[in-house]
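See below for the structure under consideration.
Protein chains in written order, with the working numbering: chain Z, 15 to 331; chain U, 15 to 331.
The following block contains the structure:
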């Protein structure tokens, strides 16, 4: 790296492609955090006094989300869901615990195996693993946030995730997926709102921020990962990005400007309350309780909204 | 090529990727022509007694369109527009003339320079060359077809053209372009309908059909070609097609199934008649007459609907 920081002239730590510039470590961190704050402001993701639950997996995206929101002064607690996928989950959990310890953030852990009796990948079902894993994570995240009065859930989705999801939905014309994508999903009733503070940051920038900030994270992919398909679309987008920097960001922003085209396809589903757990459901029993055969609701309440200085870790399940 | 024809077992002439099969020269020709007929039937492109004007440029796509429609028994005459782009137009015209002579098809030629006083690329204007060239071609094609009572205009657009156009419109969110794309544009008033019989055939298949049928065509790109951008998108699609054969066709078919999403964006423009030429126009004077500063209408009428056996060539302008 031969360049010099655009701000201070010191030796560069990173060369950004879009906008094109060199930055030193310190000014890259400043740039990155300002960009997250701008994303939060532009899309009205968070209010100053919101109580934010960050879902941390052990990977870089969620760790950086928690770290930056904390640095920007938001009230953050973290939730790790232990999926019970053998060694992979064990290592994920260790990373999440270490990250929160280093950040001084309160970490809650939900253990899927203890909660529903089986880890992900341990049940016989025709439903694909990634499908019921996603269902389980979404349910637990929301129920935990709701039970404990969090105002909003923040996830680590980044620009590459969003661009490739929109891209793949278009290539396959899965237009029903295109009605509600975006940096913010408003809460409603027992559905807690969800936000994506890293919406406009690339995977590369996030990885570099983690390195610059000394955040240690798990690189391994989940053994059930259906990575192949997603990675293919990411590779195509990266090729186009290389030829024309800014392609991904402009593509995603263009989608947001035109999202209304797809909204009309969305049939407003009438949601009622699950007979078992009382959470929102399209049927009599919600898909979580149905899939796991639950007969009484999970109680995920913990004492939270920690006082300043009081830190710790608590496991439920 | 080691394969054997799927139908007759003779040495293969081509390996198709989607559907995957080897065919000999004869059965490839049969396959190709049946596929064009199926496209015509599926999208109701032509009626048996339609008088069809094929716009021939000298290139492979339009030559194959004229050839196949003729082989399938449709009433075809051809129109070549001499754009007046130096040597390129000269060679294009020679190829178009040779193609029609060999096919025994009646060819009409419109000479832009004689009609409006300048060739394409010879006027000083801030409007990009490709933009006013397209405008000129579309106008002349339609006016010629209308003046001479053709029922429909057939163009050589192929699957690669259509897929890359839709792809680029989506990547750049030019959604207004996505309202009316498709194999058929219905005629209305003085706008003659347009159809694309090669809508579901790839560039590769068309080039191979031309070779198999001994059709000679101009390979050169127009010197004004804005090929770079289009070619980039075509390359991306070809990459995806290679990884998953059928990608282009499924992408285009998916678009057609979902086109209504974009139709609502289309404001029905109130068309009136151009004060100069009487053709449809959004303003008082149509963009063709305005751009070329015409003060009286072009008269493009010729005696046409030739009797069987009467062949020839006539130039207007």
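Yeah, the Cβ is synthetic: ideal placement off N, Cα and C, and Gly gets one too.
Can you name, in chain order, every residue of its own chain whose Cβ lies under 8 Å from the Cβ of residue 102 of chain Z, other than the five neighbours on each side? 234, 236 and 237
Just to confirm before moving on: does the CB-CB distance between residue 11 of chain Z and residue 231 of chain Z stay below 8 Å? No information on residue 11 of chain Z is available, as it lies outside the stretch 15 to 331 that chain Z covers here.
Beta carbon proximity, residue 246 of chain Z to chain U, threshold 8 Å: yes
In whole angstroms, give me the CA-to-CA distance for residue 62 of chain Z and residue 87 of chain Z. 8 Å
List the DSSP bridge partners of residue 65 of chain Z. Z:89
Just checking: is the beta-carbon of residue 173 of chain Z within a distance shorter than 8 Å of some beta-carbon in chain B? Here chain B cannot be found, since the structure's protein chains are Z and U.
Are the C-beta atoms of residue 179 of chain Z and some chain U residue less than 8 Å apart? no
For a quick check, are the C-beta atoms of residue 250 of chain U and residue 250 of chain Z less than 8 Å apart? yes
The alpha helix (DSSP H) spanning residue 155 of chain Z covers which residue range? 143-161
Could you pull the start and end residues of the alpha helix (DSSP H) that residue 48 of chain Z belongs to? 39-56
Under 8 Å between C-beta atoms of residue 90 of chain U and residue 160 of chain U: no
Would you list, in sequence order, the uninterrupted alpha helix (DSSP H) runs of no fewer than 4 residues that lie entirely inside the region 223-298 of chain Z? 241-257, 261-272 and 274-277
Thinking C-alpha only, which one of U:308, U:286 and U:173 is nearest residue 255 of chain U? U:173
In chain U, which residues lie less than 7 Å from residue 189 of chain Z when you measure between Cβ atoms? 272 and 275
Where do the N-terminal and C-terminal ends of the alpha helix (DSSP H) with residue 174 of chain Z fall, by residue? 173-185
Pairwise C-alpha distance: residue 126 of chain U and residue 70 of chain U: 15 Å
I need the DSSP call for residue 193 of chain U, collapsed to helix, strand or coil. coil
Min CB distance residue 176 of chain Z to chain U below 8 Å: no
Strictly by DSSP, which residues pair up with residue 104 of chain Z? Answer is none; residue 104 of chain Z lacks a bridge partner.
Could you tell me the boundaries of the beta strand (DSSP E) in which residue 209 of chain Z lies? 207-209
Listed by chain order, chain Z residues near residue 263 of chain U by CB distance under 8 Å: By Cβ distance, chain Z contributes nothing, its closest Cβ being about 12 Å from residue 263 of chain U, past 8 Å.
Tell me which same chain residues have a C-beta within less than 7 Å of the C-beta of residue 210 of chain Z, skipping the five on either side of it? 169, 171 and 197
Counting contacts by CB-CB distance shorter than 8 Å, is residue 321 of chain Z in contact with chain U? Low per-residue confidence applies at residue 321 of chain Z: pLDDT is 45, beneath 50, and the placement is therefore not dependable enough to give any value.
Using a Cβ-Cβ distance under 8 Å, would residue 268 of chain Z count as near chain U? yes
My guess is that residue 203 of chain U and residue 294 of chain U are in contact by the Cβ rule of under 8 Å, so how many angstroms apart are they, rounded? 6 Å
Short Cβ contact (8 Å threshold) for residue 221 of chain U with residue 39 of chain U: no
When the Cα of residue 132 of chain Z is compared with those of Z:310, Z:305, Z:43 and Z:313, which residue comes out closest? Z:305
Thinking residue 154 of chain U and residue 124 of chain U are a contact (beta carbons under 8 Å), I'd like their distance in whole angstroms, please. 5 Å
Indicate whether at least one CB of chain Z lies closer than 8 Å to the CB of residue 253 of chain U. yes
Going along chain Z, which residues have a C-beta under 8 Å from residue 184 of chain U? 184
Rounded to a whole number of angstroms, what is the C-alpha to C-alpha distance between residue 93 of chain Z and residue 166 of chain Z? 12 Å
Just the chain U side, please: which residues come within less than 7 Å of residue 257 of chain Z by C-beta, in chain order? 246
Helix, strand or coil: which one does DSSP assign to residue 21 of chain U? coil
Alpha carbon of residue 239 of chain U to alpha carbon of residue 77 of chain U, nearest angstrom: 20 Å
Within the same chain, show all residues whose beta-carbon is closer than 8 Å to that of residue 247 of chain Z, passing over the 5 residues directly before and after it, in chain order. 178, 181, 182 and 185
Going by CA-CA distance only, name the one from Z:224, Z:298 and Z:285 that's closest to residue 43 of chain Z. Z:224
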